[in-house]
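> One structure, pasted below without further comment.
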Amino acid sequence: LVQGGTTDDMGSASSRRGSASGNGVEGAAAGDASAEGGEWIGPDGVAQGYEELVNAIIRPPRMRYNPAKDLGPAEFRHCGKRFIREDFELTNSRELKLQCSWWKFRAEDAPAAQLPCVIYLHGNAACRIAAIELLRHLLPSAVTVFALDFAGSGLSEGEHVSLGYFEREDVECVVAHLRASNQVSTVAFWGHSMGATTALLYGDRDPTIAAMVLDSPFADFMQLANELANNAREHGLRVPGFAISMAAGLIRRSVRRRARFDPKDVTPIANCGKCFIPALFSHGERDAFIRPTHSEQLHAAYAGDKNLILFDGDHNSERPDFFFDSAVIFLRQTLAVREEHCLDASAARSGGTAATFGGGQFGTGAAAIRRAEEEMMRQAMMVSISDASSGNAAAAPPQVPAEAMQEGVQGFQAVTGAGGTTAQFYVYTALVQGEPVETAIHMYYDSNCSPPPQGWSLPGANGPGPGVGG
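Sequential numbering from 90 applies to the sequence shown in my numbering.
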C-alpha cells in the first residue's frame, strides 16, 4: 500500500469540555539546561536530532500509494443510494498540481442539485486517504467529502510542506473549484494537526466558510518547536544547554533557507481574534506531540462561536465515537443540512454502514497513515537522538580550532558590535553545527541579541560551562 511512516494525532474516549488561556510563545530555556541523570548527548547526537527535527517539519515521510486500490472503490452503494469518487487535478497559485478526490452522490441519486461539502485537510505526514474515515459519518447526512494531497504531500507536486503557510493557498484553490462547480451549497473544513492549523490560517480570509472541525491544531509554530527541542530531556537525556537555547533559532533559519517560509509566520493563534467561523476544537488529553494546551489556548483566544472537546487519547490514536457524533451534530447545524436529504437512518443502524465501510473494500489506508505519522513524530520528538548518542555518553564537548574561532569572532563582532563571551557563544554554536559565521550572526539577531546562557564558557578555555557540557 503506502510507503512512509506514521500519523500525527491522538485521541479517544471520555468527554470533557473546557478552555484555558495561554500567554503566547514560550522562549527556549536559558542557563544550565542539562537534565540530571541520563546520558549526555554528544555533538553527533545533537546534530542528528536537530536535522531530524527539521526534516519532520518540512520533509516528513511521504505517503506513496495507488489511488485505484488505496482510495477504495470508485463507485459503491450505501443505504440504498449510489455514490462515486471523482479523482482529478487542480493547480495551485504556485503552479503545482494537487491530486484531489471528491466522494459524492451519483447524479441520479443526489437528493438535491447542491449539497453541503466538507473539505478534509490532512496532517503533515498524511494524505487524502485519511478522509476515508469520514465517509461513514458524513455521507448519511447528505454531506459530500472532498480531500486533497497538499503540495509536498502524497502524490501532489512539491518538495516540502509548510505546516499551513503555503497549504492555505491550496485550500483557497479547492474552495474556488467547489464554488465554481455549482454542486455545493455550503462548505466546511475538517482538519487534523497541520490541516487544522491550515484551516485557522485560512479562516479569516473567507467568512463564508460555514464551520471548522479542528482536531489537534498547534497555536504557534515557534512555541511547538521549543517544546519539541526540549523533548529530549523528557526522555532522560542530558542535552547541552546551548543545543536547547539555540534550537528554535537554528530550526527557523534552516526552514527559511530550505522551504522558503518563515516559521514565525505560522501563528494561527494570531488569527483567532479575527476569525468568526463556528469552530469545534478537539484534542487528545495524552497528546505528547502537540500538547492539549495548544487547543486550549486557541479556544480561549477564538472570536467566533466555539466549543472544545478533550478526549482520552494521543495524537494519532483512533478517535472515539462520541467525538464523531458531536462533530456530525455540529456540522449538520452549521451546514444547514436538510433532514429530508439524509439517508435512511434505520438502514444505517441495521448494518448498512458496516456492510459498506467495514468489509475491507476501502483498504487499510488509515493504518498506513498512522505508521507514517508516527515516524514523523519519532523524528520530530528526536527519540532517535538516544540511538545517535550511544557511545558518546562520555564524549567531551566538541572543540573548534583556535584559529577558526578567532576569525569567526572577529567577523561576528565586525557586523554585530558584540564581542567577548557573547561572540564566542554564537560563533561556537554555529561552527560545531558545521554552519558558517553568517549563521551565528543570524542566530544572534533571531534571539533578539540575547546573551549566552549564564555560566557558559568556551570549551578548552576555562573548561566547559554548564551551558555546554552540563
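Cβ atoms here follow ideal geometry from the backbone N, Cα and C, with glycine treated the same way.
Helix, strand or coil for C361? Go by DSSP, reduced to three states.
Reduced to three states, the DSSP call for C361 is helix.
> Going by DSSP, what residue range makes up the beta strand (DSSP E) through T233?
Looking at the DSSP string, the run of the beta strand (DSSP E) that includes T233 is 233-237.
> Suppose only complete runs of 4+ residues qualify. What are the alpha helix (DSSP H) ranges in the stretch 133-205, listed by chain order?
Runs of the alpha helix (DSSP H) inside the stretch 133-205: 156-159.
> Pick from A269, L252, N360: whose alpha carbon is nearest that of F310?
Out of A269, L252, N360, L252 has the C-alpha closest to the C-alpha of F310.
> Less than 7 Å between C-beta atoms, sequence neighbours within five positions excluded: which residues of the same chain meet that for T287?
Taken in chain order, the residues that qualify are L210, G253, E256, R257, V260, G280.
> What residues in its chain sit with their C-beta under 8 Å from that of K353, if we drop five residues either side in the sequence?
Contacts found: F310, M311, R341.
> Starting from V302, follow the beta strand (DSSP E) in both directions and report where the run begins and ends.
300-304 is the extent of the beta strand (DSSP E) around V302.
> Looking at the strands, I want to know which residues DSSP matches up with G280.
Beta-bridge pairing links G280 to L210, L303.
> Can you tell me whether A390 is buried or exposed? The criterion is at least 16 other CB atoms within 10 Å of its CB, across all chains shown.
Result: buried.
> Would you say A214 and E462 are within 8 Å of each other, going by their C-beta atoms?
The answer is yes: Cβ separation under 8 Å.
> Taking only three categories from DSSP, how would you classify V355?
It is coil, neither helix nor strand.
> I'd like to know if the stretch 169-186 and the stretch 377-395 are in contact, where contact means that at least 3 CB-CB pairs between them fall below 8 Å.
At 8 Å Cβ cutoff, the stretches do not touch.
> Please work out which residues of its chain come closer than 7 Å, Cβ to Cβ, to Q422, disregarding the five sequence neighbours upstream and downstream, and give them in chain order.
Nothing listed; no residue qualifies.
> How long is the line joining the alpha carbons of A507 and F501, rounded to whole angstroms?
Near 7 Å, if we compare the C-alpha coordinates of F501 and A507.
> Check each candidate in S536, F350, S539, E374 and name the one with the smallest Cα separation from I560.
There is no way to answer for residue 560, as the model of the chain reaches only from 90 to 559.
> Just the C-alpha distance for P70 and I366, rounded to the nearest angstrom, thanks.
In the structure displayed, the chain extends from 90 to 559; residue 70 sits before or after that span and is not available.
> Cβ atoms of C189 and F172: under 8 Å apart, would you say?
No, Cβ-Cβ distance for F172 and C189 is not below 8 Å.
> From the DSSP secondary-structure annotation, give me the bridge partner or partners of N641.
Beyond the ends of the chain as shown, which are 90 and 559, falls residue 641; an answer cannot be given.
> Out of M283, E374, C538, which has the shortest C-alpha to C-alpha gap to P357?
Taking only the C-alpha atoms, the option nearest P357 is M283.
> Check whether the Cβ atoms of G161 and D433 lie closer than 8 Å to each other.
No, the Cβ-Cβ distance between G161 and D433 is not below 8 Å.
> Determine whether the beta carbon atoms of A219 and L303 lie at a separation below 8 Å.
No, these two residues do not count as a Cβ contact at 8 Å.
> If I'm right that H249 touches A314 with Cβ under 8 Å, what's the distance once you round it to whole angstroms?
In fact, because the Cβ distance is near 16 Å, the residues do not count as touching under 8 Å.
> Under 8 Å: do the stretch 188-207 and the stretch 217-233 share three or more Cβ pairs, one atom per stretch?
Short answer: they touch.
> Between A308 and H383, how many whole angstroms is the CB-CB distance? I'm expecting something under 8 Å.
The pair is a contact, with the Cβ atoms about 4 Å apart (cut-off 8 Å).
> Could you tell me the alpha carbon to alpha carbon distance between S624 and N155, rounded to whole angstroms?
Residue numbering for the chain in the displayed model covers 90 to 559; residue 624 lies beyond these limits and cannot be assessed.
> Grab the span of the alpha helix (DSSP H) containing T382 for me, first residue to last.
Per DSSP, T382 belongs to the alpha helix (DSSP H) from 381-390.
> Mind checking who V273 pairs with in its DSSP beta bridge?
Paired residue(s): L204.
> Do P205 and T275 come within 8 Å of each other at the CB atom, strictly closer than that value?
Taking 8 Å as the Cβ cut-off, T275 and P205 qualify as a contacting pair.
> Starting from T511 and walking both ways along the alpha helix (DSSP H), at which residues does that stretch end?
Counting along the chain, the alpha helix (DSSP H) containing T511 begins and ends at 509-521.
> If distances are taken between C-alpha atoms only, which option among C361, L227, R460, P541 comes closest to F514?
Closest by alpha carbon: P541.
> Assign G500 to one of three DSSP states: helix, strand, or coil.
Residue state, collapsed to three classes: helix.
> Could you tell me whether any non-hydrogen atom of the ligand MG is closer than 7 Å to the CB of V516?
Although the ligand MG was asked about, the structure shown includes no ligands whatsoever.
> State yes or no: is the C-beta of L317 within less than 8 Å of the C-beta of D238?
Not a contact, by the Cβ cut-off of 8 Å.
> In its own chain, which residues sit with a C-beta less than 6 Å from the C-beta of H226, not counting the 5 before and 5 after it?
These residues qualify, in order along the chain: F413, V417.
> Rounded to whole angstroms, what's the CA-CA distance from M301 to T528? Just pull it up for me.
Between M301 and T528, the C-alpha separation is close to 40 Å.
> Out of W545, Y291, D376, which has the shortest C-alpha to C-alpha gap to A359?
Checked all of W545, Y291, D376; the closest Cα to A359 is Y291.
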